[in-house]
Every structure is written in C-alpha cells, then in structure tokens.
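Using this note's numbering, the letters of the sequence shown correspond one by one to residues 2 to 642.
Positions of the beta carbon are idealized from the N, C-alpha and C atoms, including for glycine.
The structure presented is a predicted model; accordingly, all values stated were derived computationally and were not measured.
One structure is given below, encoded as structure tokens.
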Amino acid sequence: MNMKKIAIVILSLSAAVSCNYLDIVPDNVPTMEMTFQTRNSAEKMLYTCYNYVPSTASPWGNPGIGSSDEVWNCAEKTYYYTNESAFRIAKGLQNTNGPYLNYWSGGQGGTNLFVGIRDCNIFLDNVDKVPDMQQSEKERWKAEVKFIKAYLHIWLFQLYGPIPFVDKNIDVDASPEEVKAVREPVDDVVSKIVALLDEAIESGALPEYIRARDTEMGRVTKPAALAIKARLLTYAASPLYNGNTDFAGWKDAEGRNMINPEYDPHKWETARDACKEAIDAAITAGHELYTFDEPVKNISDTTRLELTLRHTLTKKFGDELIWGLGRRNTRDLLGIANAPLSTFHLSNKLSWVKMMHNPTLEIVEEFYTNNGVPIDEDKEYDYEGRYDVINIPHDHAYYADTTARTARLHLFREPRFYAWVGFDNGKWFNMEVPSDKSSYVLHCKSGELAGRSLDNYSVTGFFAKKLVSYELVLTQSTNTGEQCSHYAFPIIRLADLYLLYAECLNECKDSPDNEVYEYIQLVRNKAGLDKETGGLVETWSKYSSDPNKPKTKEGMRDIIQRERMIELAFEGQRFYDLRRWKLAMDYCNRPVRGWSVTESDDSFYTPSYIDFPTFTPKNYFWPIKLDDLYRNNKLQQSYLW
Numbered sequence: 002m003n004m005k006k007i008a009i010v011i012l013s014l015s016a017a018v019s020c021n022y023l024d025i026v027p028d029n030v031p032t033m034e035m036t037f038q039t040r041n042s043a044e045k046m047l048y049t050c051y052n053y054v055p056s057t058a059s060p061w062g063n064p065g066i067g068s069s070d071e072v073w074n075c076a077e078k079t080y081y082y083t084n085e086s087a088f089r090i091a092k093g094l095q096n097t098n099g100p101y102l103n104y105w106s107g108g109q110g111g112t113n114l115f116v117g118i119r120d121c122n123i124f125l126d127n128v129d130k131v132p133d134m135q136q137s138e139k140e141r142w143k144a145e146v147k148f149i150k151a152y153l154h155i156w157l158f159q160l161y162g163p164i165p166f167v168d169k170n171i172d173v174d175a176s177p178e179e180v181k182a183v184r185e186p187v188d189d190v191v192s193k194i195v196a197l198l199d200e201a202i203e204s205g206a207l208p209e210y211i212r213a214r215d216t217e218m219g220r221v222t223k224p225a226a227l228a229i230k231a232r233l234l235t236y237a238a239s240p241l242y243n244g245n246t247d248f249a250g251w252k253d254a255e256g257r258n259m260i261n262p263e264y265d266p267h268k269w270e271t272a273r274d275a276c277k278e279a280i281d282a283a284i285t286a287g288h289e290l291y292t293f294d295e296p297v298k299n300i301s302d303t304t305r306l307e308l309t310l311r312h313t314l315t316k317k318f319g320d321e322l323i324w325g326l327g328r329r330n331t332r333d334l335l336g337i338a339n340a341p342l343s344t345f346h347l348s349n350k351l352s353w354v355k356m357m358h359n360p361t362l363e364i365v366e367e368f369y370t371n372n373g374v375p376i377d378e379d380k381e382y383d384y385e386g387r388y389d390v391i392n393i394p395h396d397h398a399y400y401a402d403t404t405a406r407t408a409r410l411h412l413f414r415e416p417r418f419y420a421w422v423g424f425d426n427g428k429w430f431n432m433e434v435p436s437d438k439s440s441y442v443l444h445c446k447s448g449e450l451a452g453r454s455l456d457n458y459s460v461t462g463f464f465a466k467k468l469v470s471y472e473l474v475l476t477q478s479t480n481t482g483e484q485c486s487h488y489a490f491p492i493i494r495l496a497d498l499y500l501l502y503a504e505c506l507n508e509c510k511d512s513p514d515n516e517v518y519e520y521i522q523l524v525r526n527k528a529g530l531d532k533e534t535g536g537l538v539e540t541w542s543k544y545s546s547d548p549n550k551p552k553t554k555e556g557m558r559d560i561i562q563r564e565r566m567i568e569l570a571f572e573g574q575r576f577y578d579l580r581r582w583k584l585a586m587d588y589c590n591r592p593v594r595g596w597s598v599t600e601s602d603d604s605f606y607t608p609s610y611i612d613f614p615t616f617t618p619k620n621y622f623w624p625i626k627l628d629d630l631y632r633n634n635k636l637q638q639s640y641l642w
C-alpha cells in the first residue's frame with residue numbers, strides 16, 4: 002500500500018490529517034503489507050475498522066445523547082463534568098471555523114470518518130491475500146467491513162445530508178482534480194449505501210446471531226444489517242429528505258437538487274418492506290421484546306415491570322438488542338446519570354455519582370398518564386394543576402414515598418415514567434436493598450442528598466434512571482460498577498424497529514388499520530399500557546379529549562412519533578427523529594425548564610427556566626470546516642451556512 006495514495010485520499014475529503022497510517026493500524030504491525038500476511042494481524046485490522054464506529058453511548062461524541070432537548074447538563078460549568086461540544090450544538094452555537102463534533106475532518110469531539118472508510122477499503126482490497134484463513138471466514142469479515150463502511154457513510158449522512166460516497170480509494174496516479182471529492186445528492190447517496198448493505202446481506206456470510214457472546218458480541222449479524230438498512234430507508238422517506246421544498250435552493254454544480262423537493266410516496270413503501278424483512282429476520286434469529294428474567298426475589302409485579310423496562314437497556318446480552326457496541330462510554334454514561342441515594346453514594350460521587358445528565362421538564366411532561374394518553378389529553382388528569390404539591394397516595398407505594406408530598410406531575414403516570422425518570426421523593430430500586438418495599442427514596446431539594454450543591458448536581462431536579470443498572474451497588478464492602486457497566490448500548494433494538502415499521506405502514510395508507518396498530522401495540526403492551534381497554538384505539542376513545550385521533554393518518558402519525566420519543570428516550574434517537582420529521586424548529590427552540598433546584602421547601606416544584614436553545618433551518622445539517630473548503634474548491638458548504 003503506497004503512502005502517497007493514502008495521503009491523497011485523505012486530503013481529497015478533509016482538511017490536514019496525518020497520512021501516517023501507523024497511527025491506526027493494529028499494534029505491532031510495522032507496515033500495511035505485513036497487516037495481511039497472517040490471520041492474527043488481519044483480525045486486528047478488522048477490529049480497527051470496528052473501532053471507527055462512533056460510540057453511541059458517548060454523551061461527548063454522539064449528538065443524539067448530549068445535544069438533544071431531552072437532557073440538559075451544562076447549565077453551570079463544573080470541574081467534574083463538562084460537555085462543551087454537545088452542549089454548544091444544543092444552544093445553536095455550531096460554526097464553520099471549528100465545527101463541533103466534526104466527523105468530516107475531525108475535531109471538537111468528532112473523528113474523521115473518511116479515514117475509517119479508507120481503512121475499510123484497504124481491508125476489502127487486501128483480506129483475500131491472507132494465507133492462513135478459510136475462505137468462509139474471509140467472506141464473513143468482508144461482509145462485516147462492507148457493513149461498517151456503509152454505517153460510517155450513514156453516520157455522515159445523518160449529520161451532513163449530501164456527502165461524497167467513497168466506493169474505492171483514489172489511485173496514486175490520479176490528477177489533482179480527480180482527488181477533489183464532491184457532495185452527491187441525498188437520493189444517490191442513499192442508493193449507494195443500500196447497495197453496499199445489500200452486498201453484505203446477500204453474501205450469506207453474516208451470521209443469523211452471535212453464538213460466542215462473551216467474545217463476539219457487537220459484531221454484525223444479518224438481522225443487524227437489515228435493521229440498519231430499514232432505518233436508513235425510513236429516514237430517506239421522511240420529510241427532511243423527501244419532498245423538502247425548504248432546501249430546494251441547494252443544488253450542485255450541475256444544477257441537481259441535493260435534496261429532492263418532489264415528494265415520492267414510494268420511498269415509504271420501500272422502507273416499509275425493508276422494515277418487515279428486518280423484523281422477520283430478527284424474530285427468526287431469536288430476538289424478542291425483553292421481559293425481566295433475572296432471579297431477583299422479594300419484588301412486586303410493579304417492580305418487576307419496572308425492571309423489564311429498565312433492564313432492556315442495561316442488560317449485558319438482551320434478546321431485544323439487534324445491534325449495539327459495548328463498554329466504550331457505557332460506564333461513563335452510567336456514572337453521569339446516577340443519583341446519590343445514600344450518604345455513602347454522595348461521598349463517592351466523584352467516581353460514580355456525577356448527577357450531570359438530567360431530563361428536562363419537557364421530557365417529563367411527554368410521558369403518558371397512567372391511562373396511556375398524553376397528560377394534556379387525558380380527561381381524568383388535572384393538567385392545569387400538574388405543578389400543585391399534593392400528598393403521595395398510598396397506591397403509589399412502589400413508585401414514591403407515601404409519607405411525603407410531591408408535584409402532581411410525578412403522580413398518576415405510566416410505568417415507563419417511573420422506570421426511567423428519577424424525581425424528588427420517588428423510589429429508586431437497586432440490589433442494595435433487601436426488597437422493593439425498602440427501595441431508596443430520592444431527595445432532590447437543595448441541601449438534600451441529591452439536591453443542589455456547589456459542584457455537580459441535577460440542574461433540572463430529575464435523573465435519567467433508565468441509564469443506570471439496577472445491579473449497580475455502591476456500599477462500604479463492594480463496588481459492582483465495573484461489572485454492571487459493561488453492556489452494549491443499543492444502536493437499534495426490536496422496539497425501535499417495530500415503531501419504524503408502524504410509521505412506514507401508516508404513511509403508506511390513507512387511514513390506519515389493524516396492521517398499523519399491531520406493531521405499536523406490541524411496544525405499548527410491554528410498557529404495561531392498554532390492559533384495561535385492550536388497545537390504544539379503545540384507550541383514546543375512553544380517556545382522550547381527542548377520541549378519534551388514532552383513526553386518522555395525521556392523528557396516528559402524531560401518536561407514533563410520541564411513542565418513539567417516549568420509548569426511545571435517552572437512547573440518542575430523538576435528536577435524529579426530530580430532524581427527519583422536520584420538527585426540530587419547534588421542539589429545539591423551546592426554553593429548557595426544570596424545577597427550582599435552589600429551593601429547599603415545596604417551592605422547589607416551581608418550573609424554572611434554565612437555558613434558551615436556538616435552532617434555525619441551517620442547523621438541520623452540519624457545516625463543513627472552512628479549511629476543508631479552502632483545500633477543495635469543488636467541495637460545497639452545507640446549505641445556509
């Protein structure tokens with residue numbers, strides 16, 4: 002492999018990036034030629050390709066985790082936890098001089114993914130040369146790297162929209178003009194990524210499931226490849242990319258629209274079929290919605306449902322997980338989301354209890370009532386009095402301290418709210434307590450264990466309990482943090498796929514039918530909803546002020562979107578969903594609110610403004626760094642930047 006060739010490829014796509022591939026090839030392999038002389042060194046190169054996949058669990062690197070409106074964390078900069086890149090994106094401070102989370106040329110928390118794509122191409126060009134491997138193993142590795150190459154393009158597509166598709170590395174003899182990459186229309190980019198995914202899928206080399214979970218979990222399977230393909234096609238069918246006239250002025254040098262302003266309903270049909278194929282493959286491979294199956298004693302059915310919902314995310318090898326990568330940043334995420342539940346926790350907060358990844362009041366209000374409808378639609382819920390402070394009723398004994406008071410907003414809510422959100426005077430079960438009757442109680446007012454302090458604390462008064470394993474035990478005699486933190490953070494799981502399919506089905510029909518309801522109902526059933534009524538249609542009819550909402554295409558679209566925002570809360574999907582639905586201008590310009598965390602009495606439950614995010618149309622797509630444009634005069638800046 003020629004050094005000049007590698008340098009040309011990098012500079013054609015990005016700014017000044019080192020051409021020294023020794024920085025990224027496997028350890029103890031001095032030249033690229035030697036990388037493919039043995040199976041062992043080639044395998045290291047395979048894992049190098051995997052290592053380019055951005056960590057979806059990283060609040061610093063995944064904008065879906067740290068830059069969304071669903072959490073807030075840097076209201077005050079502290080020594081213990083800062084997240085300036087993601088936080089500034091949320092505040093509308095993205096820029097062209099030094100873009101935050103720059104995945105085009107690297108910097109400000111992002112890495113140059115074109116380098117990863119280049120190495121995938123190197124691997125694909127050379128792996129057949131390895132002498133001591135069976136051909137079947139080579140075929141599997143090639144299928145995996147084709148998938149990784151496609152996924153790196155998908156990550157860039159989600160941020161930048163029109164991107165160059167790098168099919169092959171540029172030849173060393175290419176002219177200076179030939180190495181200047183150009184952005185391609187979204188429809189072309191999606192078609193090329195899908196074709197690459199199809200190569201991997203149709204090779205027959207990807208396994209149906211991972212057998213050696215302890216050593217291979219996270220490697221790509223056929224269901225994973227089909228699921229990611231289905232998500233990509235659903236994105237491509239969505240309003241941001243399909244019939245978006247707001248970006249009709251974005252054209253390339255040849256006059257082609259970078260985003261097609263003409264709506265194509267067939268894109269939804271293609272996405273629908275891809276979702277169904279992915280679901281069928283996942284079910285065949287043994288994937289299913291998770292039900293808590295650990296041998297935990299002395300817990301009620303209420304707590305068992307809570308653990309079903311909580312452990313879906315934090316279980317090490319859950320069958321609902323279709324694809325996820327573990328270890329990288331899951332420990333960090335658990336730490337910054339955790340809450341101090343005892344004085345011992347508080348004294349150890351520097352290592353495990355940072356309290357700095359906090360749900361906003363807007364997200365808290367998004368969860369349904371215990372009747373399974375939005376709080377502002379439920380005819381039985383006192384929406385106007387939701388901030389009133391009342392005594393906690395006795396039938397909430399597994400959810401909150403019934404000897405205390407709290408805001409009505411915390412009461413009469415759906416099971417996912419109690420499983421995923423920590424709130425003042427709410428219960429927090431973990432394995433430190435002998436039974437759920439003695440679960441910890443969270444105390445969030447100023448001066449209390451989980452209240453405001455001089456350094457790190459919840460800026461909203463809420464905690465993302467969903468991200469914290471119930472197995473995390475911090476006592477004087479033991480610390481299970483290392484053991485329980487090594488789970489694979491979901492990139493896509495079965496509930497996500499079900500909701501994508503329901504969305505596609507709804508968009509393909511004039512009005513929703515039982516097929517549309519079926520897949521969203523599976524997710525709601527798992528969440529413990531609609532038990533009394535038998536289904537969401539009946540639930541809306543009985544409890545909602547808009548009883549016919551599920552019977553119209555527009556109403557069902559709203560229900561599916563809200564279901565995704567609840568079910569996938571804190572998992573990094575909302576950030577991308579709001580953009581593809583073209584709803585970010587609404588949601589991401591709302592003030593960030595929480596409780597009045599400086600208060601030590603019931604005035605704590607007064608909504609307080611924390612910050613004022615800004616989102617304009619240009620923020621739908623990341624800008625390219627100006628230095629990159631100077632180096633490549635054929636490279637077009639993102640629209641409106």
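Straight-line gap, residue i to residue j (C-alpha atoms, nearest Å)
i, j, result
"Asp189", "Ala201", "19 angstroms"
"Val593", "Gly386", "20 angstroms"
"Val30", "Val128", "In this prediction, Val30 has a pLDDT of 42, which is less than 50 and means its spatial position is unreliable; nothing more can be read from the coordinates."
"Thr222", "Glu600", "51 angstroms"
"Pro618", "Ala151", "27 angstroms"
"Arg409", "Tyr400", "13 angstroms"
"Ile149", "Val183", "22 angstroms"
"Lys635", "Pro624", "15 angstroms"
"Gln638", "Leu630", "7 angstroms"
"Ile337", "Ser68", "15 angstroms"
"Ala496", "Thr615", "31 angstroms"
Reduced DSSP category for residue i - H, G, I as helix; E, B as strand; rest coil
i, result
"Pro360", "strand"
"Ser86", "helix"
"Lys252", "strand"
"Met566", "helix"
"Arg220", "strand"
"Thr553", "coil"
"Pro416", "helix"
"Trp61", "coil"
"Trp269", "helix"
"Pro618", "helix"
"Val365", "helix"
"Tyr640", "coil"
"Gly595", "strand"
"Asn41", "helix"
"Ile611", "strand"
"Thr49", "helix"
Assigned exposure category for residue i - 16 Cβ within 10 Å defines buried
i, result
"Lys467", "buried"
"Ser137", "exposed"
"Asp379", "buried"
"Ala282", "buried"
"Thr370", "buried"
"Asp120", "buried"
"Gln95", "buried"
"Ser1", "No answer is possible for residue 1: the residues shown for the chain start at 2 and end at 642."
"Pro435", "exposed"
"Ile284", "exposed"
"Tyr256", "Checking the displayed sequence, the identity of residue 256 turns out to be Gly instead of Tyr. By the 10 Å Cβ count, Gly256 comes out exposed."
"Asn170", "buried"
"Ile11", "Confidence is the limiting factor: at Ile11 the pLDDT is only 35, short of 50, which leaves the residue's position unreliable, though a coordinate-based value still follows. Ile11 is buried by the Cβ-count criterion."
"Glu321", "buried"
"Gly462", "buried"
"Gly427", "buried"
"Asn63", "buried"
Residue-chain proximity (residue i, chain D), Cβ-Cβ < 8 angstroms
i, result
"Ala206", "The question asks about chain D, but that chain is absent: this structure has only one protein chain."
Exercise. Are the stretch 221 to 236 and the stretch 274 to 281 touching, with three or more C-beta to C-beta distances below 8 angstroms?
Worked result: Output reads yes: the stretch 274 to 281 touches the stretch 221 to 236.
For this session: Pair every Cβ in the stretch 412 to 424 with every Cβ in the stretch 302 to 315, then say whether three or more of these pairs are closer than 8 angstroms.
Result: Counting C-beta pairs closer than 8 angstroms gives three or more between the stretch 412 to 424 and the stretch 302 to 315, which meets the contact rule.
For this session: Could you pull out every unbroken beta strand (DSSP E) segment of at least 3 residues lying fully inside the stretch 305 to 334, listed in chain order?
Result: Entirely contained in the stretch 305 to 334, the beta strand (DSSP E) runs reaching 3 residues are, in chain order, 322 to 327.
Problem set entry | Ordered list of alpha helix (DSSP H) runs contained in the stretch 129 to 198, each at least 4 residues | The qualifying runs are 136 to 161.
Exercise. What are the complete beta strand (DSSP E) segments, minimum 3 residues, inside the stretch 88 to 121?
Worked result: Those beta strand (DSSP E) runs which fall completely within the stretch 88 to 121 and span 3+ residues do not exist here.
Exercise. In chain order, which alpha helix (DSSP H) runs of at least 4 residues are fully inside the stretch 424 to 499?
Worked result: Qualifying alpha helix (DSSP H) stretches, in chain order: 482 to 486.
Exercise. Can at least three beta-carbon pairs, one atom from the stretch 488 to 508 and one from the stretch 338 to 348, be found at a separation below 8 angstroms?
Worked result: No: the two stretches stay apart, fewer than three of their Cβ pairs being nearer than 8 angstroms.
Exercise. In chain order, which alpha helix (DSSP H) runs of at least 4 residues are fully inside the stretch 496 to 554?
Worked result: Segments of the alpha helix (DSSP H) lying fully in the stretch 496 to 554: 515 to 527 and 537 to 544.
For this session: Evaluate the contact criterion for the stretch 519 to 538 versus the stretch 570 to 585: three or more CB pairs, one atom per stretch, below 8 angstroms.
Result: No contact exists between the stretch 519 to 538 and the stretch 570 to 585.
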